[in-house]
Amino acid sequence: MNEHTSQPGPRFRFAPSPTGFFHVGGARTALMNWALARRLGGTFVLRIEDTDEARNRPEWTEGIIDALAWIGISDSDEHFEGPHFQSANADAHVAAATRLYESGAAYYCDLSGQEVQDRAKELGITGYDGYSRDRGLEPAPGRVLRFRVPEGSTVVNDLVRGEVSFDNATIEDFVLLRGNGAPMFLLANVVDDIEMSISHVVRAEEHLPNTPKQQMLWNALGHAPPAWAHVPVLVNEQRKKLSKRRDKVALEQYRDEGFLADAMVNYLMTLGWTPPGAEEAGTEIATWAAMEADFALEDVNLSPAFFDVKKLTAFNKQYIKNMDPAEYLAAASAELPEDWDRDRFAAIAPHIQERLETLKDVPGTVDFLFWPQGDGAEPIEYDEAAWEKATKPEWSAALLADVIGAYGSVAPWDHETLKATMEDVMARYEIKLGKAQALPRVAVTGRAVGPPLFEALEVLGRDETLRRLTAAADRSTG
RNA sequence: GCCCCCAUCGUCUAGUGGCCUAGGACACCACCCUUUCAAGGUGGCGGCACGGGUUCGAAUCCCGUUGGGGGUGCCA
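Its first residue numbered 79, the first sequence is counted upward by one per residue in the numbering used here.
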């Protein structure tokens, strides 16, 4: 991994806190930062915000790197820098706080959280009232360091939202250092950004209310603030911010459920943004190269976007359909149980490629080819509804018997001949192929739907096909 | 409560004062094709939250209302 890169361009950053899983919303902001860093010849800095010691483990960081790699953000890319760890920079955070205190930009307060609340209630206000502003308290255990919010207003210049103005009177003197001396997120975040020469902070909108505070910190620490950009949050059907508790938000989970990284990346990028040319192309499917070349913060939509698994699934289906045959075969084969014959699967694989929504659908679509075969095998479990429907026509039993007869000697055993033979048989009943194939299909696969029948029979082989057909004939008459 | 953000089909969006009778994608429906299911083709359903302005002209600009969201921690 690159501890340091020397890209001349702007410096972006992605600063997740290790929580054990990778949020799809995080993936989206990471992708946007990545697209910009690469196109602008800049750097994507990964910083792990691990200051919350109570909950975070080393393997979480590994998980983040893996997740990023999965969506194409590789730590061996020349535009990638890190990971840096916030915890490693604790001294700098405290040093910055000390400077703020010494310059008078911050002051100590001995009120406990409870006391602050009680005062607020008494005064009929919310938050902290600046009680210790001019009490000249010295640092001491149990005392928190608070930022002295100046008079006036703070204007945040946001690349996606324009100017956003905050009246400083509505911002309380927030805590920089806890009573135990540990730095707070707001401070650590800013100090790290300054140290890492971050020029662009692109993150989710939930951080917008923090921004005036951070901007004041940048200024108080003697630096011009970075370019800010707050992209809308991702929401669920109830239009609430995606949350770990209620919603499926772990990127890893989608990966494990058979979603392709490219599909996920493409879909995530279309949330709040449309690849230029999508309309003319008649599709929002676009390559990463194209999106990287076209993505612009100024074009990002301002409203929260619903993370729609249905649309993600549609994208995934398209991506599977468009996969290179060899690549597809490898990926699909990986979903099979160990003991399933790979050559046999390879024969049917092309026929199910455009029928899959996710790679996880593979086994369930072709399982009938791998069921126990021969005389001693367990009887097939039929889908009863499918069986009922297929055996309902009065000609069904006769047709099945005829098919068994014809298939007993047909040659060669390939899908074209099998189809032609079926057509000969069905002509006697004046029905169409769609109807004629129904019972044989249920007889062989147990279900009403599946891969193209004759191709499947070709793979199954004459003996087993006949055996299943005969078993079905016995069942329907007996 | 207070602060901030937002508001185009069910969903994601295009649209930056006339090219808008508002376009595309996903979903849904119908038909065609068809070896079931898919895929593909054709068509359909469906939207500028509301009210005031500004303007010759408003989805686009302004104000208000309503609605939604985010934040409001000695969490990040």
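For glycine and all other residues, C-beta sits at the position ideal for the given N, C-alpha and C.
Start and end residues, beta strand (DSSP E) containing residue i
i: A184; result: A184 to C187
i: E159; result: F158 to F163
i: T121; result: T121 to I126
i: W306; result: A305 to V309
i: G240; result: G240 to D245
i: V279; result: H278 to A282
i: V527; result: Element bounds for V527: n/a, residue is neither H nor E.
i: R224; result: V222 to F225
Range of the contiguous alpha helix (DSSP H) that encloses residue i
i: D271; result: F263 to E273
i: D340; result: A339 to M347
i: N235; result: N235 -> not in any alpha helix (DSSP H); beta strand (DSSP E) instead, spanning S231 to D236.
i: L254; result: No alpha helix (DSSP H) holds L254; the beta strand (DSSP E) holding it covers V253 to L255.
i: V194; result: G191 to L201
i: E370; result: W366 to D372
i: G512; result: L511 to A514
i: E180; result: A168 to E180
Close beta carbons around residue i, own chain, < 6 angstroms, minus the five adjacent residues each side
i: M79; result: A caution first: M79 carries a pLDDT of 43, below 50, which makes its placement in the model too unreliable to give a value.
i: G336; result: T436, L437 and K438
i: T391; result: E435
i: P530; result: H429
i: K497; result: F532
i: Q316; result: none
i: R525; result: D461 and A464
i: W138; result: P96 and G98
i: A521; result: R546, L547 and A550
Close Cβ partners of residue i (< 8 angstroms) along its chain, the five nearest in sequence each way excluded
i: Y179; result: Y185, Y186, P217 and L223
i: R422; result: L447, F448 and V537
i: P450; result: E456
i: R323; result: none
i: N288; result: L264
CB of residue i within 8 angstroms of CB of residue j, strictly
i: V309; j: A282; result: yes
i: W306; j: L237; result: yes
i: V123; j: H162; result: yes
i: E472; j: P441; result: no
i: L535; j: Y507; result: no
i: M401; j: A113; result: no
i: N246; j: G257; result: no
i: P304; j: V343; result: no
i: T555; j: I482; result: no
i: G141; j: A339; result: no
i: E432; j: K389; result: no
i: D188; j: R221; result: yes
i: R91; j: I249; result: no
i: N235; j: A93; result: no
i: A183; j: F244; result: no
Selected residue, minimal CA-CA separation from residue i, among the options
i: T361; options: Y397, D439 and G160; result: Y397
i: P457; options: I426, A550, V172 and I149; result: A550
i: S381; options: K322, A404 and W351; result: W351
i: T129; options: G240, P354, H171 and W296; result: H171
i: G300; options: S181, I143 and D453; result: S181
i: H429; options: T348, H493 and D155; result: H493
i: K395; options: T555, A404, I363 and L215; result: I363
i: G454; options: R545, G483 and F384; result: R545
i: G27; options: A168, D372, W418 and Y460; result: There is no way to answer for residue 27, as the model of the chain reaches only from 79 to 556.
i: L255; options: I249, V269, A468 and Y460; result: V269
i: E405; options: F385, F393 and A427; result: A427
i: S95; options: N235, R135 and R117; result: R135
i: S84; options: A147, R106, D334 and E159; result: E159
i: D377; options: P354, E127, A359 and T365; result: P354
i: W366; options: P88, D207 and L109; result: L109
i: L346; options: R89, G87 and T107; result: T107
i: A516; options: V503, G486, D480 and T469; result: T469
i: Q284; options: S321, Y206 and P261; result: It should be pointed out that residue 284 corresponds to Glu in this sequence rather than to Gln. For the residues S321, Y206 and P261, the minimum Cα distance to E284 belongs to S321.
i: T232; options: R213, E273 and A298; result: A298
i: G104; options: H157, F385 and L215; result: F385
Close-in-space but distant-in-sequence residues of the same chain around residue i (CB under 7 angstroms, 5 per side omitted)
i: D597; result: An answer regarding residue 597 cannot be provided, because it is not within the stretch 79 to 556 covered by the chain.
i: D325; result: N314
i: E330; result: F99, F100 and A145
i: T348; result: E362
i: K291; result: I249, F252 and L264
i: P86; result: G119
i: G205; result: A198 and E250
i: A425; result: V537
Near the ligand PLP: residue i beta-carbon under 7 angstroms from a heavy atom
i: E200; result: In the structure on display, the ligand PLP does not appear, and there are no ligands present to speak of.
Checklist entry - Mind pulling the alpha helix (DSSP H) runs of 4 or more residues that sit fully within the segment 427–485? => result 440–444, 462–469 and 474–485
Next on the checklist: Just to confirm the assignment: which complete alpha helix (DSSP H) runs, minimum length 4, are found wholly within the segment 374–415?
Outcome noted: 387–399 and 403–411
Item to check | alpha helix (DSSP H) runs contained entirely in the segment 88–124, provided each spans 4 or more residues | outcome: 102–117
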